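Every position in the sequence shown, counted from 1, becomes a number in the working numbering once 353 is added.
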Amino acid sequence: MALNKNETPILEYDTDTKSVFQSRKVSTELPRKAVYGFLGSCIDEYAAAHNARIADVIPTITKDYPIYIIEQGGEEICLCQAPMGAPAAVQNMEILIAKGVKHIISAGSCGVLTPMAENEFIVPVRALRDEGCSYKYLPPERYVELDMSMTEHICGALDSKNIPYRKCTTWTTDGLFRETPDMVTYRRSEGCDTVDMECAALAACAKFRGVDFGMLFFTADSLADIDNYDMRDFGKSSLVPALGLCLDIIGSY
354 MALNKNETPI
364 LEYDTDTKSV
374 FQSRKVSTEL
384 PRKAVYGFLG
394 SCIDEYAAAH
404 NARIADVIPT
414 ITKDYPIYII
424 EQGGEEICLC
434 QAPMGAPAAV
444 QNMEILIAKG
454 VKHIISAGSC
464 GVLTPMAENE
474 FIVPVRALRD
484 EGCSYKYLPP
494 ERYVELDMSM
504 TEHICGALDS
514 KNIPYRKCTT
524 WTTDGLFRET
534 PDMVTYRRSE
544 GCDTVDMECA
554 ALAACAKFRG
564 VDFGMLFFTA
574 DSLADIDNYD
584 MRDFGKSSLV
594 PALGLCLDII
604 GSY
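Below, the structure is given as structure tokens:
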């Protein structure tokens, strides 16, 4: 165990797996599979429409996040809304893991850096770590690979349903309003096709905790033309289809 110090604090990494403050396994034991989605109100709406029960609630200073349990293919599956931003999303995922979740599929929108239509499905296989949270879970490196079996399963499930998709390297950033023209051009030159705010951190946390994780994106706004940003409709019409896909994919895992 060692604390690797660096002049730049974000590059300092402690190999010690024990934390002073960490999620505790409490009395609620959750199913092993979970859909953890950046999908807004459609998660609560789906839970209400399908008589899901609330197994537990994750309390935070801004809002509470119910952990729903639904029946899918004869087994119970967790369904929980993910908060925007890497630290918040990882915090809640840590709690799910502490309560017994081992296999997680997440879904949410992404911006595109190259020309793509809105509402296309994308499976990230590598994430550029331009955020802070992943550096608390893995030693400093430029990328984190999403090489877990869940990623392979997502691709196989989409293939079996004849749903078009592409694989990508995504740029995970903390700076929603600092995606400057030069930075977008630079990330594009590195091979990044999409930009998001959580993927690298979630993948890093999953690797650190030894759980299986995969991500499904749908395309939203476009930064492909740096002189003419196109907000489009932020992929809103993909929210419900993405949730349905995630439930099917995790159910067959």
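Quick reminder that beta carbons are idealized off the backbone N, C-alpha and C, glycines included.
Treat the numbers as computed from the prediction; the structure is a model and nothing was measured.
Identity of the residue in the options nearest residue i by Cα
i, options, result
"Lys589", "Ala460, Cys431, Thr533", "Ala460"
"Ile605", "Asp369, Gly390, Gly427, Glu398", "For the sequence presented, residue 605 should be read as Ser rather than Ile. Answer by Cα proximity: Gly427."
"Gly597", "Asn357, Tyr490, Leu392", "Leu392"
"Val443", "Cys521, Thr381, Ala559, Ala510", "Ala559"
"Met550", "Gly509, Glu429, Arg482", "Arg482"
"Tyr585", "Ile420, Ile396, Asp369, Ser462", "According to the sequence as given, residue 585 is Arg; it is not Tyr. Selected option, being the one with the closest Cα: Ser462."
"Lys452", "Leu383, Pro362, Phe530", "Leu383"
"Ala401", "Met503, Ile422, Asp417, Lys416", "Ile422"
Exposure label - residue i; buried when at least 16 CB within 10 Å
i, result
"Gln375", "exposed"
"Glu484", "buried"
"Asn359", "exposed"
"Met437", "exposed"
"Asp512", "exposed"
Residue i (DSSP reduced to helix, strand or coil)
i, result
"Leu466", "coil"
"Ser591", "helix"
"Gln444", "helix"
"Arg479", "strand"
"Lys452", "coil"
"Lys514", "coil"
"Phe374", "coil"
"Arg562", "helix"
"Met503", "helix"
"Ile306", "Not covered by the structure: residue 306. The range shown for the chain is 354 to 606."
"Pro492", "coil"
"Pro419", "strand"
"Ala408", "strand"
"Glu498", "strand"
"Tyr389", "strand"
Cβ neighbours of residue i in the same chain (closer than 7 Å, five flanking residues each side left out)
i, result
"Asn472", "Phe571, Thr572, Gly588, Ser590, Ser591"
"Ser487", "Val497, Ala553, Ala554, Ala557"
"Glu532", "Thr526, Val548, Leu576"
"Asn357", "Glu365, Tyr366"
Sequence-distant residues of the same chain with beta carbon closer than 8 Å to residue i, five excluded per side
i, result
"Tyr582", "Asp574, Ser575, Leu576"
"Pro440", "Gly485, Cys486, Ala554"
"Leu466", "Trp524, Val537, Arg540, Arg541, Cys545, Asp546, Thr547, Val548, Leu576, Ala577"
"Ala470", "Thr572"
"Asp500", "Val478"
C-beta neighbour in chain C for residue i, strict 9 Å
i, result
"Glu494", "The question asks about chain C, but that chain is absent: this structure has only one protein chain."
Spatial neighbours of residue i in its chain, beta-carbon cut-off 6 Å, leaving aside the 5 residues before and after
i, result
"Ile450", "Arg562, Val564"
"Leu364", "Pro493"
"Leu491", "Ala557"
"Ala355", "Thr368"
"Asp457", "Just to set this straight, residue 457 is Ile in the shown sequence, not Asp. Within the same chain, Ile457 has close Cβ partners Ala387, Tyr389, Phe566."
Completely contained alpha helix (DSSP H) runs for the stretch 519-558, where each covers 4 or more residues: Segments of the alpha helix (DSSP H) lying fully in the stretch 519-558: 534-542.
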